[in-house]
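What follows is one structure encoded as structure tokens, with my remarks underneath.
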Amino acid sequence: MGEVDAAAAGSGRVAPIVGGFTTEQVHGGALPDAAFGSRVPPIYLSAGFVFDDFEQARDRFDGDESGYTYTRLGNPTNAAVERRIAGLERGAEAILVGSGQAAVTVAMLGLLQAGDHLLSAGSIYEGSRNLFLHNFARFGIEVEFVDNAADPAEWVRRIRPTTRALFGESIPNPKNDLLDIRMVADIAHRAGLPLVVDNTLATPYLVRPIEHGADVVVHSASKFLAGHGTAIGGVVVDAGRFDWAGRSEEQGPSDQHGRFRHLTEPDRILHGASYVERYGRRAYIVYARDIVASRLGPSPSPFNAFLIQQGIETLSLRVERHCANALAVARWLERQPEVLSVDYAGLDSSPYRALADRYLPRGAGSVFAFTLDGGEPAAKRFVNAVALFSRMTHLGDVRSLILHPASTTHAHRAADELRTAGIGPGLLRLSIGIEDVDDLILDLQRGLAAVRAPAVREPADTARDRLVRSA
Numbered sequence: 064m065g066e067v068d069a070a071a072a073g074s075g076r077v078a079p080i081v082g083g084f085t086t087e088q089v090h091g092g093a094l095p096d097a098a099f100g101s102r103v104p105p106i107y108l109s110a111g112f113v114f115d116d117f118e119q120a121r122d123r124f125d126g127d128e129s130g131y132t133y134t135r136l137g138n139p140t141n142a143a144v145e146r147r148i149a150g151l152e153r154g155a156e157a158i159l160v161g162s163g164q165a166a167v168t169v170a171m172l173g174l175l176q177a178g179d180h181l182l183s184a185g186s187i188y189e190g191s192r193n194l195f196l197h198n199f200a201r202f203g204i205e206v207e208f209v210d211n212a213a214d215p216a217e218w219v220r221r222i223r224p225t226t227r228a229l230f231g232e233s234i235p236n237p238k239n240d241l242l243d244i245r246m247v248a249d250i251a252h253r254a255g256l257p258l259v260v261d262n263t264l265a266t267p268y269l270v271r272p273i274e275h276g277a278d279v280v281v282h283s284a285s286k287f288l289a290g291h292g293t294a295i296g297g298v299v300v301d302a303g304r305f306d307w308a309g310r311s312e313e314q315g316p317s318d319q320h321g322r323f324r325h326l327t328e329p330d331r332i333l334h335g336a337s338y339v340e341r342y343g344r345r346a347y348i349v350y351a352r353d354i355v356a357s358r359l360g361p362s363p364s365p366f367n368a369f370l371i372q373q374g375i376e377t378l379s380l381r382v383e384r385h386c387a388n389a390l391a392v393a394r395w396l397e398r399q400p401e402v403l404s405v406d407y408a409g410l411d412s413s414p415y416r417a418l419a420d421r422y423l424p425r426g427a428g429s430v431f432a433f434t435l436d437g438g439e440p441a442a443k444r445f446v447n448a449v450a451l452f453s454r455m456t457h458l459g460d461v462r463s464l465i466l467h468p469a470s471t472t473h474a475h476r477a478a479d480e481l482r483t484a485g486i487g488p489g490l491l492r493l494s495i496g497i498e499d500v501d502d503l504i505l506d507l508q509r510g511l512a513a514v515r516a517p518a519v520r521e522p523a524d525t526a527r528d529r530l531v532r533s534a
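Residue numbering for the sequence shown is 64 to 534, as defined by the numbering used here.
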């Protein structure tokens, strides 16, 4: 196992390790417990940390990263998880926060300010979409969505002088319409912009976006990274490669501070230096941690961090089973006459199969959608009939889950927006777990049997009698 320097020990900077993915998910980023030699990193349930003396306290508040001050700013348990995820994603450094939504917020507010423009793929998690449309709009940040993320010309056309980042998901939720990461990264870099990729549904086991050009990766660690549905958390991973002081061809030589002025202009906190001058390629992640995350305060509980770390240790084993089950279920659903379509990139019939072969050779994930003939009534009967699938809004659990997006997560969208997004009234989203696949198919057969069954209408007299009795 590789060693880390003293500064890395007090942060989410990656601890190098040589080995395969499963070895890394068990050992990556681990540091020996100096006090008692615990093999498993302990849970440091402490709000704050004692300083040795006056000088140490002063130095910690002046940028010394060799230790801790307050858990909102950093914690040894959280830092162990940060190092492990950074290593698995092949990033330079990571920040653990309280949720996936917090991860997207911290990542983007480390880049954006009032007057800036964000360009996002149109097919993304609804929580991120609403964050961009409503919350960011109140901050004076304009957001635009690329409806056809597979069209490079549309990305290029929509980039403006005020654009500061491009955003997308490796496996979008719920349509499984994969992002061509390298294509979008190349477009972003030609414009002097970073690409941020939400890798929640793929995990680094299936794809590492940084290896395909992404500059920042975010996760909802509550999902597959944890895997057990007991902890909430999120993470921001910086590739550590982007030149934050660089300028695009559109910017003139007079603009000495470039596009990310909060990182390149002198800052009083750094005694007149800029973040780029002080930290170089680490400028963004230090700013996101010290200025955005620490001040907004989406601090993860060290206990939740511990639970996430326990989940990561079996990540590859779980995701391999998730993907195998999902492919079997998707193939079975595609053969059912009641099913109009199945949106799963691992199918031969999927228009995204070529991208799946390129980016996801280990599997196309386990979250996808299928559409029933019969619209919402059919979807309602199907959802109410299943017994093994849990009816809930979570994803990435070892348990299989089902949801009707049009009446839940996407219920506030206008009808034309739902049509554009491909979210029809008969569409159901599945998150396939690790149960025996024969049992999953048997449960889905219950759902289809309910769809085929003739509708039973209550006699009018019976309904009228019950109303009279209740009055």
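Built from N, CA and C at the ideal position, the CB exists for glycine as well. Just so you know, these numbers come straight off a predicted model, no measurement behind them.
query: Going by other Cβ atoms of all chains shown within 10 Å of its Cβ, with 16 needed for buried, is N447 buried or exposed?; result: exposed
query: Got a sec, what are the start and stop residues for the beta strand (DSSP E) F574 sits in?; result: In this structure the chain extends from 64 to 534, so residue 574 is not present and cannot be described.
query: Would you kindly work out how many angstroms separate the C-alpha atoms of S470 and A441, rounded to a whole number?; result: 13 angstroms
query: As a quick exercise: from T327, L175, A512, R135, pick the residue whose alpha carbon is nearest that of G203.; result: L175
query: Using DSSP with H/G/I as helix, E/B as strand and the rest coil, what is L242?; result: coil
query: What does a CB cutoff of less than 8 angstroms around R515 pick up in its chain, not counting 5 residues either side in sequence?; result: E401
query: Below 9 angstroms between beta carbons: does that hold for V299 and A170?; result: yes
query: Using CA atoms only, rank isn't needed, just tell me which of H334, Y338, L333 is closest to T327.; result: Y338
query: In whole angstroms, give me the CA-to-CA distance for G82 and T225.; result: 42 angstroms
query: How far does the alpha helix (DSSP H) with V446 in it reach, from first residue to last?; result: 438-448
query: Note the first and the last residue of the continuous alpha helix (DSSP H) segment covering A166.; result: 163-172
query: Return the CA-CA distance between R394 and G428, expressed in angstroms with no decimal places.; result: 14 angstroms
query: Where does S381 fall in DSSP's three states?; result: Checking the sequence, you will find Arg at residue 381 rather than Ser. In this structure, R381 counts as helix in the three-state DSSP scheme.
query: Take every Cβ of the segment 403-423, pair it with every Cβ of the segment 115-131, and state whether three or more of those distances are shorter than 8 angstroms.; result: no
query: Do the CB positions of I106 and F366 come within less than 9 angstroms of each other?; result: yes
query: Would you list, in sequence order, the uninterrupted alpha helix (DSSP H) runs of no fewer than 4 residues that lie entirely inside the segment 314-399?; result: 324-327, 338-342, 346-350, 365-375, 378-397
query: Compare the Cα-Cα distances from P272 to each of T140, R245, A284, R381 and report the closest residue.; result: R245
query: So does the segment 451-461 actually touch the segment 493-500, counting three or more Cβ pairs closer than 8 angstroms?; result: yes
query: So, are the CB atoms of N262 and H291 less than 9 angstroms apart?; result: no
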